[in-house]
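To start, the structure under review is shown below, and the notes come after it.
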Amino acid sequence: MEILDSIPFDVDAHEVLRRAHLTKADADITQGARELIEQARQVARPKVVYEVCYVENKRTDSLELAGITFTSRVLRMNLDQVQRIFAYVATCGTELTEISAPAGDMLLDYCLDIIKEMALRTAMAHLRKHLETRYALGQTSSMNPGSLEDWPITQQNELFSIFGDVEKLIGVRLSDSFLMIPTKSVSGIIFPTQVRFESCQLCPREVCPSRRAAFDSSLAEQYGIEVAGTAGEIH
Ligand code: SF4
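Residue 199 in my numbering sits at position 199 of the sequence shown, and the numbers go up by one each step.
Right, here's the structure in full:
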């Protein structure tokens, strides 16, 4: 198991203001946002924990990763020819959750949310680069428990159990409904693949700002499953 907790991250102020649709006309709000950005710069510490796992005991709709059983037909089919995967949890870091916008200021709250999401994306990009460099990976895809009905969010428990005490390691814990806290966190597996796979291809959700690929009903048919989208952060 490895922890990546020295991930370079500098908040791009221009990007935060652009995404929050703040213009020069909103001088007070823009100043508030700049102060938040400065605070975030001082404390932000995105983190990742990952583990190299071997795929074993493949059955019809399940398999084992690190000796723990996962049940999902899509996961099983995607890992049919795969021997080794990388399980991970990435987060914006608890440090950013200790900053708050002035009470009731929804726009500044939104700016803070954008900053946390940027920190999470930076953590994920750092993980991918790290894996590419260290393990000489070619093309990869990823899957996340809860992104499809076929791989339910309840399997977050199994995924987290690969690492032991994730809260102690990088500050991420699961709520009673298996959501991650801090919310700007993401968990899943990265695996080598010949043909790029995105869960979005099997997800018919009509409105999703995070969609990365169009829904493909014929691909869903090939997987032989009925699929339904779920709310998510970054799958
Ligand atoms: S379309 Fe949205 S909800 Fe569906 S899998 Fe993709 S990111 Fe998740």
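The beta-carbon is built from N, C-alpha and C at its ideal position, and this holds for glycine as well.
Is it the case that the CB of Arg-134 approaches a heavy atom of the ligand SF4 more closely than 7 Å?
Incorrect: Arg-134 has no Cβ contact closer than 7 Å to the ligand SF4.
Any idea which residues DSSP pairs Ala-90 with across the strands?
Val-48, Val-186
In chain order, what are the residue ranges of uninterrupted beta strand (DSSP E) at least 3 long that sit wholly in the stretch 24-85?
47-56, 62-65, 68-71
Could you spell out the range, first to last residue, of the alpha helix (DSSP H) harbouring Ser-217?
217-223
Glu-2 by DSSP, collapsed to three states: which one?
Glu-2: strand per DSSP, three-state reduction.
Indicate whether Ile-189 and Ile-68 have their beta-carbon atoms separated by less than 8 Å.
no
Can you tell me whether Gln-139 is buried or exposed? The criterion is at least 16 other CB atoms within 10 Å of its CB, across all chains shown.
exposed
When burial is assigned at 16 or more other CB atoms within 10 Å of the CB, is Met-276 buried or exposed?
There is simply no residue 276 to check, as the chain begins at 1 and stops at 235 in what is shown.
Taking Leu-4 as the reference, which of Asp-28, Glu-35, Pro-192, Val-48 has the closest Cα?
Val-48
Quick check on Phe-163: does DSSP put it in helix, strand or coil?
In the structure shown, Phe-163 adopts coil according to DSSP, grouped into three states.
Tell me whether the beta-carbon of Val-186 lies closer than 8 Å to the beta-carbon of Asn-144.
Taking 8 Å as the Cβ cut-off, Val-186 and Asn-144 qualify as a contacting pair.
Short of 8 Å in beta carbon distance, which residues of its chain neighbour Ser-218, apart from the five on each side in sequence? Order them along the chain.
If we look at Ser-218 and ignore the five residues flanking it on each side, it has no Cβ neighbours.
Going by alpha carbons, who is nearest to Pro-8 out of Asn-57, His-21, Cys-92?
Cys-92
If you scan the stretch 101-170 from start to end, which runs of the beta strand (DSSP E) of 3 or more residues do you find wholly inside it?
140-143
Using a Cβ-Cβ cutoff of less than 6 Å, which residues in the same chain neighbour Asp-28 once the five nearest sequence positions on both sides are dropped?
none
Starting from Ala-20, trace the alpha helix (DSSP H) both ways and give me its first and last residue.
First-last for Ala-20: undefined, no H or E at that position.
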